[in-house]
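Trainee: My questions will all concern the structure given below.
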Amino acid sequence: MNLIPPADVLGIPSPPFIFMALGWITFTFHLIFMNYVLGGTVIVAFQEWFQGRDEQVAKSNLLLVKIMPIALSFAITMGVAPLLFVQVLFGQFFYTANIVMGGFWLSIIALVMIAFYSLYIILALKPASAWIRKILITINMVLFLLVAFIFTNNAVLTENPQYWADIYSGAKNVVAPDPTLIPRYLHNLFGAIPVAGLWLAVIGRYQLRFYPQNEGMAKKMIRAGLLWATITTVIEIVVGGIFLMTMGSERIADFMGNGYLFVGWAIGTCTGVFTLITLILALVTENNSKFIWGSVVLFAVTLVGMTMGRDLLRIISLQSYFTVDQLVVRPSTSSLLLFLITFVIGLGLVGYLISLVWKLPPKEKSE
Amino acid sequence: MQYPIWEVPKLGGGMVIAIIACVHVMVAHFAVGAGLFVAVTEYKAYAQNRPLLRRFLKDFSFFLVLVSFIFGALTGVGIWFSIALVSPAATSALIHQFVWGWATEWVFFLVEILAGYVYYLTWDRMDPKKHMIVGWIYAFSAFMSLVIINGILTFMLTPGDWLETRDFWDGFFNPTYWPSLLLRTLSALSLAAIFVTIAVHVAKNYTRDERHEIIQEAGLWLVPLILMVPVSIWYFSQVPSAARDLVMGQAIAMTLFLLFGLASSTLVGFYAYVGLILRKRYINLETATLLAMIAFLATGSMEFVREGIRKPYIIYDYMYSNSILVSDVDRLNHQGVLSWAPWTAVALGEHPDVLPQSKRGEALFRAQCMQCHTLDGTNGIIPLIKGWPENSLRHALENLHTEQYYMPPFVGPGKDMHDLTQYLLSLNQGQGDAMVPAAQSPMQESEKEGGQ
């Protein structure tokens, strides 16, 4: 008997492609902020433990933590939209995977909330409380690593209904018994650190430009960020290869050359590898601004490509059970228009708000 | 249901939703009201040249970020996660019907978060007029997120013409849309005011006179609560008559909760008018906290009523609270629900195609009852049917929806009803000596009948 619940009888109000495309855009922005938080806590925790006595590093750590709650807010907000779209297209798989994980899935809320408030506690600490800061940032890192694992496990379970029954009945524990799980988790993690490293370099550049008094810290941030990005990109390429191999020959065959999603993924993979060149150039040159921004652009393309690859993996994993073209499209043009008009107005407001901040004079005493 | 049941021992999934929802609803309403409060009050601070208000708003905006952007945002996602765990089919229906509504709300939420952070981080750095514009963008987007979510929430109780047309707008601008929007706006304004009276005490470096002045400002925002009763009458005039009957005495808990919610809201409104505006009284931290607790209980009560009167549906006249579609009842009455709900067998460690007779009753319980009932915890079935003989259980199942108006009908052929009755009876028998005599006799009769 088929345990997979049927797709919703209400169908969808627009063709699947629209939801997928919006998913790529919003998920990419989610990754940009989420990676700052996830990779950033790894970097800050490392620097706290091993370089904490260096005043400049301690100062840069504080600056990075200061940005973290805002980045986390945007990671959550930008994550909501792709989570909505995955429910529209693959709801019956996503919901069942959630239920099979049950309390672990819901615990994400509590874990992120604890991490969120502990960031504000770190910011409220006196400079002398170095040990508490170290411990709190380490706890934060562990919390985010755990959240990342729960999300990865959920994604694997969503794509692999064959594991549901055993986990739900208690015959197996909640960790998906799938060979791709660990490589996929590491792929997510080592994908996050380079992005966080680039954030470090960009923040360093910003400091260098607007706060010349922070030159020492800024230069250290740029170098540390580029080093983290370069080293973990190399690891990421290896881990990505292992992840691909663990998908199994059948899925690899389905994945390779499979339409525009594959093309997007392949372009993203290439730009990811090219980033190594720009990162190394940025590391070895003095005036490295253009290489840093070049890496940012290449990484942005990589993130979009990886997002498309993720969609492709989900599609081919589920194709024997379900394809999105089985969903009944009951067009609701007016509600789509409501969204599109609001989206344009919203983008305008976001642009206006960013322009207001951009035009602000630098803080007088700022770090 | 067609999905696996998310089991939460003792507590039940519904209670998990209730706990998260109660705090979220309060914080989310606060965020909407606080947006309007900061925008209007900052304007007043400039127009009337009152730097104190501006100083307070600067402190208050940090409070807003800590409460609304972290706790509010995460509990909001928490509701979404938890309803999908407990009622995936209903969540799926709301998502599929209103996906562009949800997406629109998301846009406003994104703008709200960005505007809120810009507002909080740019005090004293941004030109005051521009800062006020940021405040208004924040207020507008926060209010618009309520405007959107209100359509989806009210749809669940009063889907209106959508039941016929399946049209987005028919479902969105449903019969309770406008009164509910007004009720929620009143609630949002008052919660913002109450939080202000707490924040002014938590914030440092204010004299008593300065606190008093800010409390007077907040008091104005509590007065609209006086409108709670007339707007509630309007709201309840629009709900289905069966739902109205529940609050008009058919379900006494609903009636009491409604009266409590209305009375406490109205009293707080009168208190604000008489105490804060006419007599210009001061509120200390303890009283402010007490007001917040009353507001929390009132908000929780009203949400409990809103959820409660929707029963036996989760989406009125479309889907029962156990996820059975109204349109599927005839078919499932004929074929039974076990093939429709294969996960019930998996939960019992069996294959859905070869479920042994001895486990059919329990599987039926999981399929039709367990979305609302635990065994012996929240809304536990064991205490509910304690001491009931077989005849009573059978009678109750046959007449669930007519005698227990908030229960969906039992769905399935006679054999299923018999199996579920026997399972419930077995639960009773496991409950100690008190019910053995009552349960034994009809059980034995039933066995004899079965034997014949």
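Line order of the protein sequences matches chains A and B.
First residue of the first sequence? That's 1 in this note's numbering, and the numbers climb one at a time after it.
First residue of the second sequence? That's 368 in this note's numbering, and the numbers climb one at a time after it.
Glycine included, C-beta positions come from ideal geometry on N, C-alpha and C.
All figures in this text were calculated on a predicted structure; none of them were measured in a lab.
1) Please list, in chain order, all residues of the same chain as Pro495 (chain B) whose beta carbon is under 7 Å from its beta carbon, the five residues on each side excluded.
2) What is the DSSP secondary structure of Val239 (chain A), reduced to helix, strand or coil?
3) Is there a Cβ from chain A that is less than 7 Å from the Cβ of Leu722 (chain B)?
4) Could you tell me whether the Cβ of His463 (chain B) comes closer than 7 Å to any Cβ of chain A?
5) Would you list, in sequence order, the uninterrupted beta strand (DSSP E) runs of no fewer than 3 residues that lie entirely inside the stretch 633-699 of chain B?
6) Please tell me whether Gly402 (chain B) has its Cβ less than 7 Å away from any Cβ of chain A.
7) In the structure shown, what three-state DSSP assignment does Ile109 (chain A) receive?
8) May I ask which residues mark the beginning and end of the alpha helix (DSSP H) holding Cys270 (chain A)?
9) In angstroms, rounded to a whole number, what distance separates the CA positions of Val195 (chain A) and Thr41 (chain A)?
10) Count the other CB atoms, across all protein chains shown, that sit within 10 Å of the CB of His740 (chain B); report buried if there are 16 or more and exposed otherwise.
11) For the stretch 319-335 of chain A, enumerate the residues whose C-beta is nearer than 8 Å to any C-beta of chain B, in chain order.
12) What residues in the stretch 103-131 of chain A bring their beta carbon closer than 9 Å to a beta carbon of chain B?
13) Along the alpha helix (DSSP H) that carries Pro82 (chain A), what are the first and last residues, could you check?
14) Could you check if Arg727 (chain B) is buried or exposed, using at least 16 other CB atoms within 10 Å of its CB as the buried criterion?
15) Let me check understanding here. Comparing Cα to Cα, which of B:Leu524, B:Ile437, B:Trp545 lies closest to Tyr484 (chain B)?
16) State the DSSP-derived secondary structure class of Ile752 (chain B), mapped to helix, strand or coil.
17) Identify the continuous alpha helix (DSSP H) that holds Glu717 (chain B) and give its terminal residues.
18) Measuring straight from C-alpha to C-alpha, what distance separates Ile553 (chain B) and Leu594 (chain B)?
19) Do you know whose CA, among B:Phe539, B:Asp537, B:Val478, lies nearest Phe510 (chain B)'s CA?
20) Which first and last residues belong to the alpha helix (DSSP H) in which Leu530 (chain B) is found?
21) Would you mind sorting Val88 (chain A) into buried or exposed? The rule is 16 or more other CB atoms within 10 Å of its CB.
22) Under 8 Å Cβ-Cβ, which residues of chain B neighbour Gln162 (chain A)?
23) Tell me which residues of the stretch 198-228 of chain A have at least one Cβ-Cβ distance to chain B shorter than 9 Å, keeping chain order.
24) For Lys497 (chain B), return the contacting residues in chain A, with the cut-off set at a CB-CB distance below 7 Å.
25) By Cβ distance below 7 Å, which residues in the same chain neighbour Val37 (chain A) in space, the five residues on each side in sequence not counted?
26) Does Phe19 (chain A) come out as helix, strand or coil in the three-state DSSP assignment?
27) Applying a beta-carbon distance threshold of less than 7 Å, which residues of chain A neighbour Trp469 (chain B)?
28) For Ile12 (chain A), which beta-bridge partners are listed by DSSP?
29) Report the residues of the stretch 429-442 of chain B with a CB closer than 9 Å to any CB of chain A, ordered along the chain.
30) For the putative contact between Val865 (chain B) and Thr442 (chain B), defined by C-beta atoms under 8 Å, what is the C-beta separation to the nearest angstrom?
31) Inspect the beta-carbon positions of Phe17 (chain A) and Thr307 (chain A) and report whether they are closer than 7 Å.
32) Roughly how many angstroms lie between the CA atoms of Tyr640 (chain B) and Gly586 (chain B), to the nearest whole one?
33) Run through chain B and tell me which residues come within less than 8 Å of Asp254 (chain A), C-beta to C-beta.
34) Could you give the residue range of the alpha helix (DSSP H) that holds Thr408 (chain B)?
35) Would you kindly work out how many angstroms separate the C-alpha atoms of Tyr683 (chain B) and Met101 (chain A), rounded to a whole number?
36) Drop a sphere of 10 angstroms on the beta-carbon of Phe94 (chain A), count the other beta-carbons inside from all chains shown, and report buried for 16 or more, exposed for fewer.
Mentor: According to the structure shown:
1) Tyr413
2) In the structure shown, Val239 (chain A) sits in a helix (DSSP, three-state: H, G or I).
3) no
4) yes
5) Counting whole runs of 3 or more residues, the stretch 633-699 of chain B contains the beta strand (DSSP E) stretches 680-682.
6) no
7) Secondary structure of Ile109 (chain A) (DSSP, three-state): helix.
8) 259-284
9) 12 Å
10) Buried is the call here.
11) Arg330, Ser332, Ser334, Ser335
12) Those residues of the stretch 103-131 of chain A that come within reach of chain B (Cβ to Cβ, closer than 9 Å) are Gly103, Trp105, Leu106, Ile108, Ile109, Ala110, Val112, Met113, Phe116, Tyr117, Tyr120.
13) Annotation: the continuous alpha helix (DSSP H) that includes Pro82 (chain A) extends over 55-101.
14) buried
15) Taking the Cα of Tyr484 (chain B) as reference, the smallest distance to any Cα among B:Leu524, B:Ile437, B:Trp545 is reached at B:Ile437.
16) In this structure, Ile752 (chain B) counts as coil in the three-state DSSP scheme.
17) Unbroken run through Glu717 (chain B): none, as it is neither H nor E.
18) One point to set straight first is that residue 553 (chain B) is Leu, not Ile, in the sequence displayed. Rounded to the nearest angstrom, the two C-alpha atoms are 8 Å apart.
19) B:Val478
20) 529-532
21) buried
22) Correct list: empty, because the minimum Cβ distance to chain B is about 13 Å.
23) For the stretch 198-228 of chain A, no residue has a beta-carbon sitting nearer than 9 Å to a beta-carbon of chain B.
24) Here the neighbours are Leu356.
25) These residues qualify, in order along the chain: Met68, Ala71, Leu72, Ala75, Phe144.
26) helix
27) Leu84
28) A:Val329
29) Listed by position, the residues of the stretch 429-442 of chain B near chain A (Cβ gap below 9 Å) are Val432, Leu433, Phe436, Ile437, Phe438, Ala440, Leu441, Thr442.
30) Nothing can be reported for residue 865 (chain B): it is not among the residues displayed for chain B, which extend from 368 to 819.
31) no
32) C-alpha separation (whole angstroms): 7 Å.
33) Correct list: empty, because the minimum Cβ distance to chain B is about 27 Å.
34) Run containing Thr408 (chain B): 380-414, per the alpha helix (DSSP H) assignment.
35) Looking at the backbone, the Cα of Tyr683 (chain B) and that of Met101 (chain A) are separated by about 29 Å.
36) So Phe94 (chain A) counts as buried.
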